[in-house]
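A.B. asks: Please see the structure below; I have some questions.
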DNA sequence: ACCCACATGTAAGGAGTTACATGATTAC
DNA sequence: GTAATCATGTAACTCCTTACATGTGGGT
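Residue numbers (UniProt numbering), protein chains in the order written: chain A, 1 to 179; chain U, 1 to 179.
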């Protein structure tokens with residue numbers, strides 16, 4: 001279960017990063033799929049360093065700022081990540097508040113629900129636009145289609161995001177028609 | 001934030017239920033969207049009873065078994081649920097392990113990843129079949145299309161599930177082609 | 001004046017998982 | 001005899017969210 005550590009390793013397998021970098025990438029690149037707060041990143045990095053999954057590559061100091069600690073993945077970390085990647089797990093629960101709210105739509109006035117649906121739809125349209133831009137950016141970076149290129153893997157995942165947002169938007173439209 | 005209490009109220013708004021009933025319904029009807037364990041259900045029911053959102057409708061005793069406590073929603077509970085339903089919230093994070101694993105596919109041998117993808121695809125196909133059966137069952141129960149019928153709301157949510165599983169399966173197939 | 005970006009971290013608490021405890025009954 | 005179903009509940013634990021704390025420079 002404990003997947004946050006694999007989320008960190010996933011990013012570190014590609015390039016050395018600081019805790020702050022990881023936090024930023026989580027909230028943009030694989031953004032809406034995974035999120036972490038600083039409270040989880042820093043203690044987890046320490047733990048993982050203690051277990052030999054990552055090591056401190058070096059530190060940087062820019063003027064007045066706190067020391068920036070760059071971590072890199074170790075061979076043991078890479079192996080642990082590969083093992084986890086091939087491990088099988090159960091299907092996840094979706095756990096989306098709005099699905100529950102839709103389940104309650106029979107309780108409220110149709111016009112009030114419609115306003116709510118429109119709002120949710122708008123949020124997902126914004127995400128869709130961000131994903132589409134991301135895929136275009138990534139595709140430009142990838143010259144040859146190669147399944148061993150990390151960028152190709154990233155594109156696949158973001159494409160899932162695009163399909164998901166499209167489905168969500170279409171579903172919202174179907175709900176609006178029913179009201 | 002997204003608290004379990006509204007999930008309980010959502011079910012109780014439709015019919016009086018015991019904690020055990022709620023647990024069962026969570027793991028079948030709105031199943032893979034939400035889940036609860038008994039550790040959460042029973043304390044939360046007590047809390048909600050104390051706050052006047054639900055009340056004990058009565059108890060049943062079948063032979064040797066523990067007393068079955070049936071709860072029903074109160075007017076205050078209904079109002080709280082309606083308010084929450086119309087409240088706006090942010091978009092949720094998807095948080096699916098397999099998306100992270102796919103993000104790591106560049107690290108592993110294509111044939112090993114393919115086996116993993118096939119396995120995941122199979123799990124989602126099983127879910128899809130369950131949802132399709134559920135929708136058919138619900139549609140048969142609904143005679144007139146009416147947006148104030150709770151069954152209509154349920155169908156909408158399960159239809160989301162169907163679309164989601166289909167998208168997941170198609171995405172798996174696309175991954176397999178890329179390998 | 002005030003907030004944001006940078007970069008590390010801690011604290012408090014709520015949410016969620018896994019396992020356990022009771023105890024008779026039915027099914028393999 | 002082993003497990004599952006019914007029905008309640010507790011215990012121990014991990015995970016995740018929200019907020020705080022530090023401290024300077026740059027933008028509005």
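Glycine included, each C-beta is placed from N, C-alpha and C at the ideal position.
Determine whether the Cβ of residue 89(A) lies closer than 8 angstroms to any Cβ atom of chain U.
C.D. replies: It does: the Cβ of residue 89(A) has a partner Cβ on chain U nearer than 8 angstroms.
A.B. asks: Can residue 117(A) and residue 135(A) be called in contact, C-beta distance under 8 angstroms?
C.D. replies: Cβ atoms of residue 117(A) and residue 135(A): not closer than 8 angstroms.
A.B. asks: Select from 141(U), 178(U), 75(U) and 27(U) the residue whose C-alpha is nearest the C-alpha of residue 111(U).
C.D. replies: For residue 111(U), the nearest C-alpha among the options comes from 178(U).
A.B. asks: Straight-line CA distance for residue 37(A) to residue 43(A)?
C.D. replies: For residue 37(A) and residue 43(A), the distance between alpha carbons rounds to 11 angstroms.
A.B. asks: If you follow the alpha helix (DSSP H) that residue 25(A) is in, where does it begin and where does it stop?
C.D. replies: Unbroken alpha helix (DSSP H) run through residue 25(A): 19-26.
A.B. asks: Roughly how far, in whole angstroms, is the beta-carbon of residue 12(A) from the beta-carbon of residue 87(A), given that I think they are within contact range, below 8 angstroms?
C.D. replies: That pair is no contact at about 19 angstroms.
A.B. asks: Based on DSSP bridge pairs, tell me the residues matched to residue 58(U).
C.D. replies: Per DSSP, 70(U).
A.B. asks: Is any heavy atom in the ligand GTP found nearer than 7 angstroms to the beta carbon of residue 51(U)?
C.D. replies: Annotation note on the ligand GTP: not contained in the displayed structure, which lists no ligands.
A.B. asks: Run down chain A in chain order and give the residues with a C-beta less than 7 angstroms from the C-beta of residue 127(U).
C.D. replies: Within 7 angstroms Cβ-Cβ: 91.
A.B. asks: Pull up the distance between the alpha-carbon of residue 128(A) and that of residue 165(U), whole angstroms please.
C.D. replies: Each residue's alpha carbon lies about 19 angstroms from the other.
A.B. asks: In chain order, which alpha helix (DSSP H) runs of at least 4 residues are fully inside the UniProt domain "Transcription regulator PadR C-terminal" (94-177) of chain U?
C.D. replies: 97-103 and 110-141, all fully within the UniProt domain "Transcription regulator PadR C-terminal" (94-177) of chain U.
A.B. asks: Determine the contact status of residue 10(A) and residue 100(U), defining contact as a CB-CB distance below 8 angstroms.
C.D. replies: Contact: yes.
A.B. asks: Find out if the Cβ-Cβ distance for the pair residue 151(A), residue 107(U) is shorter than 8 angstroms.
C.D. replies: Cβ atoms of residue 151(A) and residue 107(U): not closer than 8 angstroms.
A.B. asks: Report the rounded CA-to-CA distance for residue 41(A) versus residue 22(A), giving the unit in angstroms.
C.D. replies: Cα to Cα, residue 41(A) sits roughly 8 angstroms from residue 22(A).
A.B. asks: What are the start and end residues of the alpha helix (DSSP H) that includes residue 41(U)?
C.D. replies: Counting along the chain, the alpha helix (DSSP H) containing residue 41(U) begins and ends at 38-50.
A.B. asks: Return the residues of the UniProt domain "Transcription regulator PadR N-terminal" (8-81) of chain A that lie within a Cβ-Cβ distance of less than 7 angstroms from chain U, sorted by chain order.
C.D. replies: The residues in question are 10, 13, 30, 32, 33, 34, 35 and 81.
A.B. asks: Ordered along the chain, which non-local residues of its own chain (more than five positions away) have a Cβ less than 7 angstroms from that of residue 76(A)?
C.D. replies: Hits under 7 angstroms: 52 and 53.
A.B. asks: For residue 142(A), I'd like the list of residues in its chain whose CB is within less than 8 angstroms of its CB, leaving aside the five on either flank, ordered along the chain.
C.D. replies: Excluding positions up to five away in sequence, the list reads 149, 151, 152 and 155.
A.B. asks: Under DSSP, the alpha helix (DSSP H) around residue 6(U) begins and ends at which residues?
C.D. replies: Where residue 6(U) is concerned, the enclosing alpha helix (DSSP H) stretches over 4-12.
A.B. asks: Residues in its own chain within less than 8 angstroms of residue 124(U) by CB, not counting five upstream and five downstream?
C.D. replies: Cβ neighbours of residue 124(U) beyond the five flanking positions: 165, 168, 169 and 172.
A.B. asks: Would you mind sorting residue 120(A) into buried or exposed? The rule is 16 or more other CB atoms within 10 Å of its CB.
C.D. replies: Buried, because 16 or more other Cβ atoms sit within 10 Å of the Cβ of residue 120(A).
A.B. asks: Would you say residue 56(A) and residue 47(A) are within 8 angstroms of each other, going by their C-beta atoms?
C.D. replies: It is not a contact, given that the beta carbons lie outside the stated cut-off.
A.B. asks: Within 8 angstroms (strictly less), CB to CB, does residue 119(A) reach chain U?
C.D. replies: Yes - at least one Cβ of chain U is within 8 angstroms of the one on residue 119(A).
A.B. asks: Might you give, ordered along the chain, the residues of its own chain that have their beta carbon closer than 8 angstroms to the beta carbon of residue 25(A), omitting 5 neighbours on each side?
C.D. replies: Here the set comprises 11 and 17.
A.B. asks: Enumerate in chain order the residues of its own chain whose CB-to-CB distance from residue 131(A) is below 6 angstroms, with the five nearest sequence positions on each side excluded.
C.D. replies: If we look at residue 131(A) and ignore the five residues flanking it on each side, its Cβ neighbours are 158, 161 and 162.
A.B. asks: Does the beta-carbon distance from residue 33(A) to residue 94(U) come in below 8 angstroms?
C.D. replies: Cβ atoms of residue 33(A) and residue 94(U): closer than 8 angstroms.
A.B. asks: Near residue 4(A), what residues of its chain come up, given a Cβ to Cβ distance below 7 angstroms and the 5 sequence neighbours on each side ignored?
C.D. replies: 36, 40 and 44.
A.B. asks: So, using beta-carbon positions, are residue 89(A) and residue 97(U) closer together than 8 angstroms?
C.D. replies: It is a contact, given that the beta carbons lie within the stated cut-off.
A.B. asks: Taking 6 angstroms as the limit between beta carbons, can you name the residues of its chain near residue 105(A), skipping five residues before and five after?
C.D. replies: 113, listed in sequence order.
A.B. asks: Rounded to the nearest angstrom, what separates residue 139(U) and residue 103(A) at their Cα positions?
C.D. replies: Each residue's Cα considered, the two are about 15 angstroms apart.
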